[in-house]
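These notes concern the structure reproduced below.
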Amino acid sequence: MTDIYYNHKEVESKWQKKWEADKLYRAVIDTSKPKHYALTMLPYPSGDLHIGHWFSMIPPDARARYMRMKGYNVMFPMGFDAFGLPAENAAIKDGVHPMKRTFQNIERMRTQMKTMGAMFDWEREAVSASPEYYKWTEWFFIQLFKQRLAYRKMSAVDWCPNCNTTLAREQVWGDDRHCERCQTPVIKKNLDQWFFKATKYADELLNFEGIDWPQTVKTLQTNWIDRSEGAEVRFIVESNQSPVTVFTTRPDTLWGATFMVFSPEHPLVNEITTPENKAAVEEYKAQAARQTEIQRGAVDKEKTGVFTGAYAVNPVNQVRIPIWIADYVMMSYGTGAIMAVPAHDERDFAFAQKYELPIVEVIQPVGATRESPILESASIGAGVMVNSGPFNGTNVSAEKGRKNPGIAKVLDWITEQGIGKESVNYRYRDWLISRQRYWGAPIPMIHCDVHGWNPVPDDQLPVLLPEDVEWRPTGESPLKLHPTWKNTTCPVCGGAAIRETDTMDTFMCSSWYHLRYLSPKYDQGPFDPAEYDYWMPVDTYTGGIEHATMHLLYTRFFHKALRDAGIVEGHEPMMQLRNQGMVLGEDGDKMSKSKGNVIAPDLLVNKYGADSVRAYIMFFARWETGAPWDSQGIEGSVRWIRRVWTLFTDPSTPTTAPGASDETKKNLRRKVHQTLRKVTRDFEKFEFNTIISSLMELMNEMYKAREAGAVGTPEWKEVQEIYLKMMAPVTPHIAEELWTVLGKPYSIHTQQWPEVDEAATKEDSIELPVQINAKVRDRITVSAEATEDDIKSTALASEIVQKFLEGKHPKKVIVAQGRLVSIVV
RNA sequence: GCCGGAGUGGCGGAAUAGGCAGACGCGCACGACUCAAAAUCGUGUUCCCACCGGGAAUGAGGGUUCGAUUCCCUCCUUCGGCACCA
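Be aware that the first sequence starts at 802, since it is given in the numbering used here, and climbs by one per residue.
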């Protein structure tokens, strides 16, 4: 007989070894079964696994196991997003090479992950910082370059003038934006950098047809892309006759444009500023460069700006209007210049009031009098066009784009006149790929003075990172500083040429890792086409909601670009997406080493066993939301495991002369099949916490049935078998052990998920609450087959109901089938 | 600031489709077992007035409805993201 006490250490290590030896979780192409590619976002190798990793991996693991028992051929791979800033920062600090540190961390985390008892197929592990991986990251860059999706453009980075280095956003601290290392105020520096033309796919990225993604993610991405319809209109600068294009969603208000505002970074600013305004403009530009776009764009912020001394001509009415610069106009949105219509735009109104610029009403609100010279605020609603030359009297609705008759007419007119055209603008921007760092995939491009930029030839890939590099910040990226690395020959002419010394954004690596998992050792291409044809697309993708507008949008763009390059098929890479929340520290704050509130799963696994930690991870919070960690609560899951063990193995359980009544047995079967229905539904819906609750509840019923003599009956055996199968995805070790104890064939993880016996779930009678004027006053018990009339008369016959009716006749009696009776007096 | 979530007992949470608010668990209290403790088992546990019984309550306020944790409006708090953290 088995131990009374459950020895988690022995049992868990025994089965982990056997599963590994048997390659139980290896995913192999098998066309006889439907496939299921379950993907969970890969971790950054930070050093130690923390409880948040368990939270993001264990519930998806349980679900992958469930899918396997449902009959799918399941692939559940794991890997590491191994390039990135932290390893490089650490290298600067203590001199340990990022490669060394990263691979040590991976080794450590892999060992920690193996204690989870997850069904990761380690033969498919992919590490983005290994040359056999980043060779293909480089190759993909070249494919995008060949698709004309990569281009170079000047773009500003945050720069520390003291450290002489580019800073990441997280390295810039405080409202005054100083360098985290030396406190020096950060400045902007313009660098020539690589971009991907993601905006080419903006419209397609707005289409989520055919994928099952959470509405919140779709909304976040839609708002992030922020498509708006309007017009581009060309104004002319008076002094030098330069054309300046603006984007506006309100071409119907063109006649009300009384000034223009340029972004301080607008290339024309220097040229048009008059000498007497030069000093003020320069000063304003400097302060604008010190702020973030969030600070600059804040709606409630006091509007500021400076006059350039220059004027432009409004092309619709030839009115001469002043040109200002203001930090609320961003170079990254639209054309970096706007026409200001203070009468019909709140920000322009505030600006005009502050600087006493003219306000001309051109849309008269419906019902307003002809003479309403002084506006209290911008009017942005519907009305009739006035002061608008040929358009006076035209109706303007509150609708956007061409649906608005005023906008439609003006759009046609400006096109005809050749002063502008219909246009669509996005807030979404092209993807800046370049990073002035060492620890990333090199951008495989070569520059020759004669032939410009050309990709590194395929047979020279990968461009390997040199190992001997200098870390100290010197104003150049470590690769640029290396004495020889950058020197190469031009692929076109063979003459001396220079490599690109910037590396790629790590989001590039994580945009395609799901493809590398297909065949991480394949060297004829980024992936083996046979594996691709079988496994892709990803069926379920899980990870944090914080990636909604970054990684999840990058990977969709990447997929579409590869599709157009003929490398992949289908319009979307991931069919179903589900997001989990975050585990906070016990103090309710985000876990961080500096706060000392990090929960180490290793200690918990050692003390309670992986199954208990798995069960608690799934139970303690709603997966979708997350919650602060509560280390006391795990006792409940530990007790559950222990009580299950006792229930299945306790020798004191009577095994002879089963004496349970038919009712006990029927109730037990009803409960197990009801639980099975609930658990199955919860697995489908990623509602993991209630799976554990239901299993706990069923166990409590089983204890009662044991007292009533159910042990040894066929019903008991059925319940035991179903119970272990339901447990298997959640707590794989103890389920396997108890399965063996019952004498069933190895392995429980290859068993079929049980079928619900619907007939067995039916209740004989049901209890219904009876409400009188919305308050529950009584409960009645009726047969499950009772008709509505039966229920009504039973309810009205109740003494308590009669008492509350006080002889009055009910106005209305509502029977909600199977739920309640509501009597209105 | 903008975009998107979330607010239910002391705590985590539950509540098929608008229908019994608080499942399951933690904690706590009491009891059993024990010389004692731990473990285990049992009972109780939203709040208020309490004898029966009644009243209030799902962040706040309002609305729709026979009926609202659930739908609508306004507000508050809090979390995630804001393009070089991953």
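Glycine included, C-beta positions come from ideal geometry on N, C-alpha and C.
Open item on the list: Please classify lysine 819 as buried or exposed, where buried requires at least 16 neighbouring CB atoms within 10 angstroms.
Closed with: Here residue 819 corresponds to residue number 18 of the first sequence, with the count starting at 1. Exposed, by the Cβ-count rule.
Task: Simplified DSSP assignment, three categories, for leucine 840 - done: For the purposes of this step, residue 840 is identified with residue 39 of the first sequence, where counting begins at 1. Three-state DSSP puts leucine 840 in a strand.
Open item on the list: List, from N- to C-terminal side, the alpha helix (DSSP H) runs of 4 residues or more that fit wholly inside the stretch 1227-1299.
Closed with: 1279-1282
Open item on the list: For lysine 1121, list the residues DSSP reports as bridge partners.
Closed with: Indexing the first sequence from 1 puts residue 1121 at position 320. For the sequence presented, residue 1121 should be read as arginine rather than lysine. Arginine 1121 is bridged by DSSP to Val1114.
Task: 6 Å Cβ shell around aspartate 804 - same chain, five flanking residues per side excluded - done: Looking up residue 804 in the first sequence gives position 3. Reliability of the predicted coordinates at aspartate 804 is poor, the pLDDT of 46 falling under 50, and no value is obtained from them.
Open item on the list: Let me check understanding here. Comparing Cα to Cα, which of Ala1575, Tyr1355, Lys1593 and Asp1101 lies closest to tyrosine 1002?
Closed with: Residue 1002 sits at position 201 when you count from the first residue of the first sequence. Closest by alpha carbon: Tyr1355.
Task: Member of Asp1334, Leu1378, Gln1377 and Pro1191 whose CA lies at the smallest distance from the CA of glutamine 1218 - done: Numbered from its first residue, the first sequence carries residue 1218 at position 417. Here the closest residue by C-alpha is Pro1191.
Task: Own chain, CB closer than 8 Å to tryptophan 960, minus 5 neighbours either side, in chain order - done: Taking the first residue of the first sequence as position 1, residue 960 is located at position 159. The residues are Thr966, Thr967, Leu968, Val987, Ile988, Lys989 and Lys990.
Task: Test item: CB-CB of arginine 1148 and lysine 1104 under 8 Å - done: Translated into the one-based positions of the first sequence, residue 1148 becomes position 347. Translated into the one-based positions of the first sequence, residue 1104 becomes position 303. Yes; because the gap between Cβ atoms is below 8 Å, this pair is in contact.
Open item on the list: With three or more C-beta pairs closer than 8 Å as the rule, is the stretch 1125-1136 touching the stretch 1057-1067?
Closed with: yes
Task: Option nearest glycine 1241 by Cα separation, candidates Thr1304, Ile1299 and His1252 - done: To locate residue 1241, count along the first sequence from 1; it is residue 440. That would be Thr1304, whose Cα lies nearest to the Cα of glycine 1241.
TODO: Would you tell me roughly how many angstroms separate the C-alpha atoms of tryptophan 1554 and threonine 832, rounded to the nearest one?
DONE: Locating residue 1554 in the first sequence gives position 753, where the first residue counts as 1. Locating residue 832 in the first sequence gives position 31, where the first residue counts as 1. Their backbone Cα atoms lie some 20 Å apart in a straight line.
Open item on the list: Looking at arginine 1317: is its Cβ nearer than 8 Å to the Cβ of proline 1330?
Closed with: The residue you call residue 1317 lines up with position 516 of the first sequence. The residue you call residue 1330 lines up with position 529 of the first sequence. No Cβ-Cβ contact shorter than 8 Å links arginine 1317 with proline 1330.
Task: Pick from Val1018, Gln1096, Ala1511 and Asn1071 that is closest to glutamate 1084, judged by C-alpha positions - done: The count along the first sequence starts at 1 and reaches residue 1084 at position 283. Measuring from the Cα of glutamate 1084, the nearest candidate turns out to be Asn1071.
- [ ] Determine the DSSP secondary structure at valine 1163, reduced to helix, strand or coil.
- [x] For the purposes of this step, residue 1163 is identified with residue 362 of the first sequence, where counting begins at 1. Collapsing the DSSP output to three states places valine 1163 in coil.
TODO: Name the residue from Glu1271, Phe1308, Trp1272 and Pro1267 whose alpha carbon lies nearest to the alpha carbon of asparagine 1288.
DONE: One-based indexing of the first sequence puts residue 1288 at position 487. Among Glu1271, Phe1308, Trp1272 and Pro1267, the Cα nearest to that of asparagine 1288 belongs to Pro1267.
TODO: Measure the alpha-carbon distance for asparagine 1468 versus glutamate 1508 and round it to whole angstroms.
DONE: In the first sequence, the residue the question calls residue 1468 occupies position 667. In the first sequence, the residue the question calls residue 1508 occupies position 707. Going from the Cα of asparagine 1468 to the Cα of glutamate 1508 covers about 14 Å.
TODO: Return yes when the Cβ of threonine 1343 is within less than 8 Å of the Cβ of arginine 1379, no when it is not.
DONE: In the first sequence, counting from the first residue as 1, residue 1379 sits at position 578. In the first sequence, counting from the first residue as 1, residue 1343 sits at position 542. It is a contact, given that the beta carbons lie within the stated cut-off.
Task: Validate contact between the stretch 1226-1243 and the stretch 992-1007 using beta carbons, cut 8 Å, 3 pairs - done: Contact between the stretch 1226-1243 and the stretch 992-1007 is present, because at least three Cβ pairs lie under 8 Å.
TODO: Would you identify the three-state DSSP class for asparagine 1468, choosing helix, strand or coil?
DONE: Here residue 1468 refers to the residue found at position 667 of the first sequence. It is helical.
Task: Straight-line gap, isoleucine 1435 to serine 1413 (C-alpha atoms, nearest Å) - done: As a first step, residue 1435 is located in the first sequence; it is residue number 634 there, counting from the start. As a first step, residue 1413 is located in the first sequence; it is residue number 612 there, counting from the start. Spanning the two alpha carbons is a distance of roughly 8 Å.
- [ ] Report the residue from Gly1619, Ile1624 and Ala1587 whose alpha carbon sits nearest the alpha carbon of isoleucine 1601.
- [x] As a first step, residue 1601 must be located in the first sequence, where it is residue number 800. Nearest option by C-alpha distance: Ile1624.
Open item on the list: Short of 7 Å in beta carbon distance, which residues of its chain neighbour tyrosine 1134, apart from the five on each side in sequence? Order them along the chain.
Closed with: One-based indexing of the first sequence puts residue 1134 at position 333. Arg1228, listed in sequence order.
Task: Span of the alpha helix (DSSP H) around isoleucine 1506 - done: What you label residue 1506 is simply residue 705 of the first sequence in a count that begins at 1. For the record, residue 1506 in the displayed sequence is alanine; it is not isoleucine. Run containing alanine 1506: 1490-1508, per the alpha helix (DSSP H) assignment.
Task: Exposure of glutamate 811, with buried meaning 16 or more beta-carbon neighbours within 10 Å - done: Walking along the first sequence from the start, residue 811 turns up at place 10. With fewer than 16 other Cβ atoms within 10 Å, it is exposed.
Task: Close-in-space but distant-in-sequence residues of the same chain around glutamate 1077 (CB under 8 Å, 5 per side omitted) - done: Within the first sequence, numbered from 1, the residue matching residue 1077 stands at position 276. Contacts found: Gly1110.
Open item on the list: What residue range does the beta strand (DSSP E) around proline 1570 cover?
Closed with: Counting from one through the first sequence, the residue named residue 1570 turns up at place 769. 1566-1573 is the extent of the beta strand (DSSP E) around proline 1570.
Open item on the list: Short of 8 Å in beta carbon distance, which residues of its chain neighbour valine 1622, apart from the five on each side in sequence? Order them along the chain.
Closed with: Mapped onto the first sequence, residue 1622 falls at position 821. For valine 1622, where only same-chain residues beyond five positions count, the Cβ hits under 8 Å are Leu1569, Pro1570, Val1571, Gln1572, Ile1581, Ile1592, Lys1593, Ala1596, Val1614, Ile1615 and Val1616.
Open item on the list: Judging by CA-CA distance, which residue of Asn1193, Pro932 and Val1369 is the nearest neighbour of tryptophan 1056?
Closed with: Residue mapping note: residue 1056 aligns to position 255 of the first sequence, counting from 1. When each option's Cα is compared against that of tryptophan 1056, the closest is Asn1193.
Open item on the list: Along the chain, where does the alpha helix (DSSP H) containing proline 1702 start, and where does it finish?
Closed with: Past the boundaries of the shown model lies residue 1702; the chain is included only from 802 to 1626, so the question cannot be answered.
Open item on the list: For methionine 802, count the other beta carbons within 10 Å of its own beta carbon; 16 or more makes it buried, fewer makes it exposed. Which is it?
Closed with: In the first sequence, the residue the question calls residue 802 occupies position 1. In this prediction, methionine 802 scores a pLDDT of 35, lower than 50, which makes its location untrustworthy; the coordinate-derived value is nonetheless stated afterwards. Sixteen is the threshold: since fewer than 16 other Cβ atoms of the shown chains lie within 10 Å of the Cβ of methionine 802, the residue is exposed.
Open item on the list: Helix, strand or coil, according to DSSP, for proline 887 in the structure here?
Closed with: For the purposes of this step, residue 887 is taken as the residue at position 86 of the first sequence. Residue state, collapsed to three classes: helix.
Task: As assigned by DSSP and simplified to three states, the class of histidine 979 - done: Counting from 1 along the first sequence, the entry for residue 979 is found at position 178. It is a strand residue.
Task: With 16 other Cβ atoms within 10 Å as the buried cut-off, status of alanine 1080 - done: Mapped onto the first sequence, residue 1080 falls at position 279. Exposed, by the Cβ-count rule.
TODO: Could you please give the first and the last residue of the uninterrupted beta strand (DSSP E) stretch that includes glutamate 1033?
DONE: One-based indexing of the first sequence puts residue 1033 at position 232. It spans 1028-1038 - the beta strand (DSSP E) in which glutamate 1033 sits, taken as one unbroken run.
TODO: Output the distance between the C-alpha atoms of proline 1429 and proline 899, rounded to the nearest integer angstrom.
DONE: Walking along the first sequence from the start, residue 1429 turns up at place 628. Walking along the first sequence from the start, residue 899 turns up at place 98. Rounded to the nearest angstrom, the two C-alpha atoms are 32 Å apart.
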